[in-house]
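Reading the sequence shown from the start, the letters are residues 1 to 223 in the UniProt record's numbering.
Where is the CB? At the ideal position from N, CA and C, for every residue including glycine.
Keep in mind the model is a prediction, meaning the values are calculated, not measured.
To start, the structure itself, in structure tokens.
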Amino acid sequence: MMGCFVTGTDTGVGKTLVSAGLLHALARHHRRVVGMKPVAAGLVPWGEDWASEDAIALRSASTLAVPPALDNPVLLPDPLSPHIAAARAGVEIDIAAIVASYQALAAQADAVVVEGAGGFHVPLTDTLTGADLAQALALPVVLVVGLRLGCLNHALLTAEAIHARGLTLAGWVANRIDPEMGAADENIAYLRARLNAPLLAEVPYQDLPEPGSLVFDLPKDWQ
Numbered sequence: 001m002m003g004c005f006v007t008g009t010d011t012g013v014g015k016t017l018v019s020a021g022l023l024h025a026l027a028r029h030h031r032r033v034v035g036m037k038p039v040a041a042g043l044v045p046w047g048e049d050w051a052s053e054d055a056i057a058l059r060s061a062s063t064l065a066v067p068p069a070l071d072n073p074v075l076l077p078d079p080l081s082p083h084i085a086a087a088r089a090g091v092e093i094d095i096a097a098i099v100a101s102y103q104a105l106a107a108q109a110d111a112v113v114v115e116g117a118g119g120f121h122v123p124l125t126d127t128l129t130g131a132d133l134a135q136a137l138a139l140p141v142v143l144v145v146g147l148r149l150g151c152l153n154h155a156l157l158t159a160e161a162i163h164a165r166g167l168t169l170a171g172w173v174a175n176r177i178d179p180e181m182g183a184a185d186e187n188i189a190y191l192r193a194r195l196n197a198p199l200l201a202e203v204p205y206q207d208l209p210e211p212g213s214l215v216f217d218l219p220k221d222w223q
């Protein structure tokens, strides 16, 4: 079973797009692929119920349908930092319970793509962050770098934090989220030389991004 944890240099850098794109790419090699959004904050109508936009996107890209309690075990109403949204909802985010949900998914799937919330150190509780969740899952990490001013510092700091947790940075994705950014190619070249991990994809700027159109250079052991 192949699994990875997708994090980003910040919120709004395209983690969901990349996670869904990875699911499409993996589905070309594996029959049962599924996405997981462990913690999601913010609701939209979904059939006769409510769901997270991120979880819906991952479900659309998955080939395996599972109960929401498995692919999105923590769903919070308010679109806020998870620790604040959880406190307002009277919910305690339990990393052990999330890991159990992941293990249940992994038992059914050939590949699982787990999308984190916000950046790598986003607070989940007053004492735990997304980095603690990533460490508990012990999956190789894919870093989504949103190409905009400041991304070099954010990318290098996040990579350093990933390594500090004893995790493997399996690769990174350059997402051109700012069409006006100057020297984007030079920024990509700088990170290629310093992240010590393969560039899995370059995502062009798109008004209406389509996950299935993304082209990935997947690691051999993911195929």
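Between the CA atoms of residue j and residue i - distance to the nearest angstrom
| i | j | result |
| --- | --- | --- |
| N196 | E48 | 46 Å |
| P68 | M1 | 21 Å |
| T9 | Y102 | 23 Å |
| W222 | E180 | 34 Å |
| V215 | F5 | 19 Å |
| T11 | V34 | 22 Å |
| K15 | T7 | 7 Å |
| R32 | L26 | 9 Å |
| C151 | A184 | 10 Å |
| T168 | G119 | 17 Å |
| L218 | R194 | 20 Å |
| V91 | A41 | 12 Å |
| G3 | K220 | 13 Å |
| D207 | E186 | 23 Å |
| G182 | I188 | 12 Å |
| P45 | I93 | 23 Å |
| P209 | E53 | 14 Å |
| D78 | T127 | 20 Å |
| V66 | R28 | 20 Å |
| V13 | D132 | 21 Å |
Candidates the options, of which the one nearest residue i by Cα
| i | options | result |
| --- | --- | --- |
| A51 | V74, G119, L105 | V74 |
| V113 | G150, A86, E210, G21 | G21 |
| residue 237 | I162, V99, L156, A111 | For the chain, the structure presents residues 1 to 223; residue 237 sits outside this window and is missing. |
| L139 | G90, E210, E115 | E115 |
| P38 | G12, A96, E186, L147 | A96 |
| S19 | R59, G42, L124, L43 | R59 |
| A136 | P209, L169, A100 | A100 |
| I98 | P45, Y190, D185, G130 | G130 |
| M36 | A57, G212, T168 | A57 |
| E160 | E186, L191, V66 | L191 |
Beta-carbon gap between residue i and residue j smaller than 7 Å
| i | j | result |
| --- | --- | --- |
| S62 | L23 | yes |
| H30 | A111 | yes |
| H83 | L124 | yes |
| A86 | L76 | yes |
| A17 | P211 | Before going further, note that residue 17 is Leu rather than Ala in the sequence given. Going by C-beta atoms, L17 is nearer than 7 Å to P211. |
| L64 | A104 | no |
| A55 | N72 | yes |
Whole-number beta carbon distance between residue j and residue i, since they are thought to touch under 8 Å
| i | j | result |
| --- | --- | --- |
| L149 | I177 | 11 Å between Cβ atoms; not a contact. |
| R165 | A134 | 7 Å |
Contact the stretch 155 to 169 vs the stretch 199 to 213: 3+ CB pairs below 8 Å: No, because fewer than three Cβ pairs between the stretch 155 to 169 and the stretch 199 to 213 fall closer than 8 Å, the two stretches do not touch.
The stretch 171 to 185 contacting the stretch 133 to 150, beta-carbon criterion three pairs below 8 Å: Flag = yes, the stretch 171 to 185 and the stretch 133 to 150 touch.
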